[in-house]
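Notes for the one structure printed next.
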Amino acid sequence: MKANLDRTLYPQPLIFNAFKPAGISSVDVVRHFKRNLPIGYGKIGHFGTLDPFASGVLLIGVAQATRFNEYIHDDLPKTYLAVGKLGHWTSTGDLTVPVEKMDTSEYFHKKISTFSKEFIENILRSKFVGEYLQSPHTFSAAKFEGRPLHKWAREGVIIKKEQVLRHVYDLEVVKYSFPYLSIRYKVSSGTYIRSLFSDCAEELGTLGVLVSLVRESIGPISTKSSLHKKDWPMDRCAGEQLKGFPVFEALPYPGWKLNETQGKQFLNGLQLNIDKEFKDGTLIWPEYDGKVLGLATFTESLLRPVVVFN
């Protein structure tokens, strides 16, 4: 069947910037949206889980937006505000379980307690900003044989995975009031902040656990525009009530206008010759009549469909 250029016939691929409160899981939020969005939106999922104790930006995609998970994950940095407590250690890296180790050393109480905020920031920036090798935390959503590590750990099976290269784009010590230390991290996706904070504490010469964690942004999408629970969809709300945004607003790829013939060809999965040279591998949003038709990649002088909205 040939593609129809009237995009009003189909649900729009949307992303919802939900503010996940602490105390519930990311799956709980997705379940709420699934139960309360209008029928017909198809698949729904989130772009990067947040632990139950954490809060902040949780992006939820519907109606083909779920197909952009890897692009959101790979291309957009994430910013977190981590509040931690020095001199304490738990198996989970946070205070959702009892403290198992404490630093009672003289160095901790008489030396680390006197560090200035600026001194700590200089030490940590010199060590961690840039490439960063990290193993997933044993109590994380990273998987082994199809199961999250935290499920193995809660059964007493500790899985240690190989280190993975991550990137710390920026690090700012926001506040230091011994033994509490607040750090804002801007990192590549897949970075485990509990592990990073623990590594920072170790660099200072002590232990460290998280007290709270807020994901402040994913790429250009921040908590400033997040939908808090009172603004989440309710009772199969009508389309005009939805407060999502198009998936192409999340990913800053260039757009390219197609004519009607090219638009139909793209929607039928055909490669296109276009009158512009992009760098090979460039991802592009093809448009017709003011509407984005999907995602394409420019390779060997051709615009090749990657995702076609249908």
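Here the working numbering runs 1059 ahead of the position in the sequence shown, where the first position is 1. Don't be surprised by glycine CBs; every beta carbon is placed ideally from N, CA and C. Only a predicted model underlies this, so the values are computations on that prediction, with no experimental measurement involved.
Looking at the DSSP output, Glu-1319 bridges to nothing. For Phe-1174, the three-state secondary structure derived from DSSP is coil. Ile-1333 places its beta carbon 8 Å or farther from that of Leu-1135. Rounded to the nearest whole angstrom, the CA to CA distance from Leu-1352 to Arg-1363 is 13 Å.
Taking 3 residues as the shortest admissible run, the region 1130-1195 contains the following complete beta strand (DSSP E) segments, listed from N- to C-terminal end: 1137-1145, 1189-1193.
The three-state reading of DSSP puts Ala-1260 in helix, counting H, G and I together.
In this structure, Pro-1238 sits near Leu-1145, with a CB-CB distance shorter than 8 Å. According to the DSSP secondary-structure assignment, Tyr-1347 is paired through a beta bridge with Lys-1350. Counted as a single uninterrupted DSSP element, the alpha helix (DSSP H) harbouring Val-1088 occupies residues 1085-1095. Bounds of any beta strand (DSSP E) do not take in Asn-1369, whose DSSP letter is neither H nor E. With a threshold of 16 other beta carbon atoms within 10 Å, Ile-1242 meets it and is buried. Partner residues in the beta bridge of Phe-1075, as assigned by DSSP, are Ile-1119. Each of Phe-1112, Glu-1177, Ser-1150, Lys-1245 was checked against the Cα of Tyr-1191, and the nearest Cα belongs to Lys-1245.
Proximity to Asn-1095 across Arg-1225, Phe-1167, Lys-1186, Asp-1294 peaks at Asp-1294, based on C-alpha coordinates.
DSSP, reduced to helix, strand and coil, places Ser-1254 within a helical segment of the structure shown. Distances from the alpha-carbon of Glu-1336 to those of Asp-1348, Thr-1358, Lys-1288, Gln-1321 put Thr-1358 closest. By a beta-carbon distance limit of 8 Å, Glu-1180 contacts Glu-1231. Their separation comes to about 7 Å. In the structure shown, Thr-1265 adopts coil according to DSSP, grouped into three states.
In this structure, the straight-line span from the alpha carbon of Tyr-1312 to that of Trp-1148 is close to 42 Å. The straight-line gap separating the alpha-carbon atoms of Lys-1160 and Leu-1263 is approximately 17 Å. Judged by DSSP in its simplified three-state form, Lys-1245 adopts strand. The C-alpha of Val-1366 lies about 57 Å from the C-alpha of Ser-1164.
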